[in-house]
Amino acid sequence: MIKLATVFSGIGSVEHALNRMKIEHEIVFACDNGERELKIDIKDVKKELNKIKSRKEKKYYIDNLYDKTGKQNYVEESYLANYKLGKDKFYQDIRFIDGNEFKNKVDLFVGGSPCQSFSISGKRLGFEDTRGTLFYDFARLVKEIQPKVFIYENVPGMLSHDNGNTWKVISSVFDELGYKWRLNKLCAKDYGIPQNRTRIYVVAIRNDLNVIPPELIPKKELDVTVKDFLEDNVDYKYYHGEKGFKWITKPLSLKKRVSINSKIARTQAANQQFNWCGDMIFEKYNAKKKYPKNVYIGKYNDVKGVARKLTPRECLRLMGYDDSFKIAVPDQQIYRQSGNSIVVNVLEAIVEEIVQTGVFEEGEQND
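Numbered according to my numbering, the sequence shown spans residues 885 to 1251.
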């Protein structure tokens, strides 16, 4: 039985991987604020928390602060709809979790702090961005919880940010945690998913366990294309009207933001589909079909037809999620959640190599 904990949990990529691999596990806790922000000084919050003794009351206090924002945590809704975890074990904010309460109660700890501050597509402010500093909270929890294994995921831009200085700092933090670790740069298309999504993965095993982290994560030959992940029957609400059709077929859009009928998808992003951004599907005009008025019939590469965006289910499939994953939130939210997730197949490959080291067979963690 692997005891799992995740932060920046999203829609549970490692949880989905473990379920598919039929690896027995228990989720100790998960954490994600659902892209909501507190309009209150963090120092003031911590002062109040110091006055509260029980973990339950502390959690209630933080949950209440987030409820006062008036915004729903759609990520939490997706997560709890799909995994066996009580609401009492889903935390809103990594900054206010006391890892000492979970010391030696977690075997596998997984997370990837928000990547926007290191992403090429973002402003690349790194640690100047508050999202970047959340990395330190991930490291703090590793130190406090002392899991047997941790996996940290982020964008490749983290390696080059600030001429490599950011990665130098992050590496030094990893070195001080008491773990042997290895850096892997892996792309989804090398693990059975036709998507050009490259991410870095740090795989670390606690020093006292005397186990070396896997050196290589074996690749898998890609024998599928985006077409294999498409739904057979798609609602016309996903098809473009005139404005959308003309936008996605513009040369500038195709150069920078859009791909049409690609064999391998672009990197999915949080703003995909709703901003006419990402992968699109063009279908030749079919005279036997009755297209509704809102669907524009135009030309792409001198071929008459209609175009649509990917459906939420197709986006999930292209992130490695089986159709058993329940969509419990509005389309715009699941598009964001899919684009922010980790490719399940890549985590499967990583976990498989970790399991083969025998690290989870070294004896149960002490409660």
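Ideal Cβ positions, reconstructed from N, Cα and C, are used throughout, including at glycine.
- I1234 carries a helical assignment under DSSP once its states are collapsed to helix, strand and coil.
- DSSP places A1212 in the coil class of the three-state scheme, outside both helix and strand.
- Burial state of I926 is exposed, judged by a 10 Å Cβ sphere holding fewer than 16 other Cβ atoms.
- Distance from the CA of E1115 to the CA of D928, rounded to the nearest whole angstrom, comes to 49 Å.
- If you draw a straight line from the Cα of T1241 to the Cα of I886, it comes to about 14 Å.
- An exposed status is given to Y944, since fewer than 16 other beta-carbon atoms sit within 10 Å of its beta-carbon.
- Exclusion of the five residues before and after V1026 leaves F1034 and L1061 as the residues of its chain whose Cβ lies within less than 6 Å of its Cβ.
- Of the other Cβ atoms in all chains shown, fewer than 16 fall within 10 Å of the Cβ of D1206; this residue is therefore exposed.
- Inclusion of V959 and G918 in the CB contact set at 8 Å is warranted, their separation being smaller than that value.
- For T1109, there is no enclosing alpha helix (DSSP H), as DSSP marks it with neither H nor E.
- A direct Cα-to-Cα measurement between F1058 and K1103 gives close to 26 Å.
- Distance between L1194 and Y1063, taken at the CA atoms: about 41 Å.
- At a Cβ-Cβ threshold of 8 Å, L1100 and I1084 do not count as neighbours.
- For N1049, same chain residues with a beta-carbon under 6 Å away, outside a window of 5 residues either side, do not exist.
- Here the alpha carbons of L1018 and D1107 stand approximately 38 Å from one another.
- Looking at N957, I978 and K968, the one whose alpha-carbon comes closest to that of K930 is I978.
- Residue environment for R939: exposed (fewer than 16 other C-beta atoms within 10 angstroms of its C-beta).
- Assigned with DSSP and collapsed to three states, S897 falls in helix.
- DSSP places A914 in the uninterrupted beta strand (DSSP E) bounded by H909 to C915.
- Around G894, the same chain offers D916, V959, Y963, Q1221, N1224, S1225 and I1226 as residues with beta carbons nearer than 8 Å, after the five sequence neighbours per side are excluded.
- Proximity of the stretch 1134-1141 to the stretch 1176-1189 falls short of the contact definition, fewer than three beta-carbon pairs being nearer than 8 Å.
- Where E941 is concerned, the enclosing alpha helix (DSSP H) starts and stops at R939 to D951.
- Listed in chain order, the non-local C-beta contacts of F1129 below 7 Å within the same chain comprise Y1180, G1182 and A1191, local neighbours out to five positions each way being set aside.
- Two segments are said to touch when three or more pairs of C-beta atoms, one from each, lie closer than 8 Å; by this definition the stretch 1090-1100 does not touch the stretch 1160-1176.
- With 16 or more neighbouring CB atoms inside 10 Å of its own CB, D1021 falls in the buried class.
- In the same chain as W1051, and ignoring 5 residues on each side of it, the C-beta atoms closer than 8 Å to its own belong to M1042, L1043, S1044 and H1045, in chain order.
- Using a C-beta cut-off of 8 Å, the stretch 1147-1159 makes contact with the stretch 1212-1220, since at least three inter-stretch Cβ pairs fall below that distance.
- Taking all protein chains in view, the Cβ of N1159 is surrounded by fewer than 16 other Cβ atoms within 10 Å, so the residue is classified as exposed.
- Where V929 is concerned, the enclosing alpha helix (DSSP H) starts and stops at I926 to N934.
- In this structure E1037 touches G996 by the C-beta definition: roughly 3 Å separates them, less than 8 Å.
- Straight across, the Cα-Cα distance linking N957 with D951 is about 9 Å.
- Measuring C-alpha to C-alpha distances from V1142 to each of C1161, R1024 and M1203 identifies C1161 as the nearest.
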